[in-house]
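In full-length UniProt numbering, the protein residues as written are 1 to 328. Yeah, the Cβ is synthetic: ideal placement off N, Cα and C, and Gly gets one too. Below: the structure, in structure tokens.
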């Protein structure tokens, strides 16, 4: 990074997350504050290859801090995974006079950014934006808090109908290979059991928990399940299994799906995104590249993109203990 930063490009990639627009706003406003240009790239790395750029000013990002999704859109790009695709993207940036890049997304997004640095020595800083909260190097990712509150609100509504009909609900939440949403939402909603990939409680433990609940007079129960096969069975297979063994249970399955990604971002996510957007721009101005900006113990920290990609954010063992105690 020999030349001074004069124009920064910004893209959002991977799955959308509430608060991404707040991050876009923050990066643009920080560029304006430091009197450098900012260019928005539409549709992530695909837009980078196609040269789908637009100069962004404070006017472009007015009244977006409260909006879910991302105004820059997001898309998967198979072409960017090729050397030729990345070379085309790099040429587009150089031709546009851009000499630094901020990418908002998860590990796939950061992998693309790291490749860009290695092949073209082009400055890149990452901002973690994913509802899964599974990125190493930050206590919280943009979108996680909003998704968590959405899940708890929905489970509260489901519990109303579960109690009215004496039903057992299996509720699948997002998280991919991480149980952060399931564990915290399970505790927050008072679920009887939580199934996450980080801790295999086994079907015997699940059956024992449900039986104990019945013996204590519980007429309805909520089991929160992380999506994917890492828990051993899909949420529908779990429902069928329990129904077959315990015909007396009136079982329902709810898959919350993409509603968890949408909606107005929480104040927490708006503030987090604003802090990380400013930090990303200031990193580049300080000639720092190849890092992800995050927050640990409420302090801005920098983590190498290679570490953010390779290492995993670990589940809080204390929360596991709390979940076990409070579900008795």
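Give the DSSP bridge partners of residue 128, in chain order. Residue 128 pairs with 105.
Among 47, 208, 82 and 100, which residue has its Cα nearest to the Cα of residue 8? Among 47, 208, 82 and 100, the Cα nearest to that of residue 8 belongs to 100.
Relative to the C-alpha of residue 209, which candidate in 198, 242 and 148 has its C-alpha closest? The shortest C-alpha separation from residue 209 is found at 242.
On the CB-based measure, 16 or more other CB atoms within 10 Å of its CB, does residue 82 come out buried or exposed? Burial call: exposed.
What residue from 280, 187 and 322 has the CA that sits closest to residue 148's CA? Ranking the options by Cα distance to residue 148, first place goes to 187.
Close beta carbons around residue 268, own chain, < 6 Å, minus the five adjacent residues each side: The answer, listed in chain order, is 145.
Taking the Cβ atom as the reference point for each residue, do residue 103 and residue 11 lie within a distance shorter than 8 Å? It is a contact, given that the beta carbons lie within the stated cut-off.
Take the Cβ of residue 312 as the centre, count every other Cβ of all protein chains shown within 10 Å, and call the residue buried at 16 or more, exposed below. By the Cβ neighbour-count rule, residue 312 is exposed, with fewer than 16 other Cβ atoms within 10 Å of its own.
Quick check: the Cα distance between residue 238 and residue 325, rounded to an integer number of angstroms? Those two C-alpha atoms are separated by around 23 Å.
Rounded distance between the beta-carbons of residue 124 and residue 290, thought under 8 Å: A Cβ-Cβ separation of about 7 Å places residue 290 in contact with residue 124 under the 8 Å criterion.
Grouping DSSP H, G and I as helix and E and B as strand, with all else coil, what is residue 174? Shown here, residue 174 sits in coil according to DSSP, grouped into three states, outside any helix or strand.
Out of curiosity, what's the CA-to-CA distance linking residue 31 and residue 113? Take the alpha-carbon of residue 31 and the one of residue 113: they are about 20 Å apart.
According to the neighbour-count rule (16 or more other Cβ atoms, all chains shown, within 10 Å of its Cβ), is residue 257 buried or exposed? A residue is called buried when at least 16 other Cβ atoms come within 10 angstroms of its Cβ; residue 257 does not meet this threshold and is exposed.
With distance defined between alpha-carbon atoms, name the residue in 185, 222 and 55 nearest to residue 192. Closest option to residue 192, Cα to Cα, is 222.
Indicate whether residue 296 and residue 138 have their beta-carbon atoms separated by less than 8 Å. Their beta carbons are under 8 Å apart, which means residue 296 touches residue 138 by this criterion.
What's the C-alpha gap between residue 17 and residue 37? In this model, residue 17 and residue 37 are separated by some 25 Å (Cα to Cα).
Between residue 48 and the rest of its own chain, which residues show a CB-CB distance below 6 Å, the 5 nearest in sequence each way excluded? In its chain, beyond the 5 residues on either side, 41 and 89 have a beta carbon closer than 6 Å to the beta carbon of residue 48.
Looking only at C-alpha atoms, which of 85, 328, 207 and 52 sits nearest to residue 119? Among 85, 328, 207 and 52, the Cα nearest to that of residue 119 belongs to 85.
Just to confirm my understanding: we take residue 266, look at its own chain, exclude 5 residues before and 5 after, and list those with CB closer than 7 Å. What are they? A distance below 7 Å between beta-carbons, with the five flanking residues on each side excluded, links residue 266 to the following residues of its chain, in chain order: 145, 146 and 149.
Enumerated in chain order, which unbroken segments of the alpha helix (DSSP H) with a length of 4 residues or greater are wholly contained in the stretch 72 to 104? If you keep only unbroken alpha helix (DSSP H) runs of at least 4 residues inside the stretch 72 to 104, you get 83 to 95.
Alpha helix (DSSP H) segments (min. 4 residues) lying fully within the stretch 15 to 54: The DSSP assignment places complete alpha helix (DSSP H) segments of no fewer than 4 residues inside the stretch 15 to 54 at 20 to 33 and 44 to 50, in order along the chain.
Beta carbon of residue 61, beta carbon of residue 35: below 8 Å? With respect to the 8 Å criterion, residue 61 and residue 35 are not classified as neighbours on the basis of their beta carbons.
What are the start and end residues of each continuous alpha helix (DSSP H) run of 4 or more residues lying completely inside the stretch 248 to 303, in chain order? Listed in chain order, they are 267 to 285.
Beta-carbon separation of residue 141 and residue 126 under 8 Å? Not closer than 8 Å, so no.
Pairwise C-alpha distance: residue 159 and residue 240: One alpha carbon belongs to residue 240, the other to residue 159, and they sit about 20 Å apart.
Please list, in chain order, all residues of the same chain as residue 97 whose beta carbon is under 6 Å from its beta carbon, the five residues on each side excluded. So the qualifying residues of the chain are 7.
For residue 227, is the classification buried or exposed, using 16 other Cβ atoms within 10 angstroms of its Cβ as the cut-off for buried? So residue 227 counts as buried.
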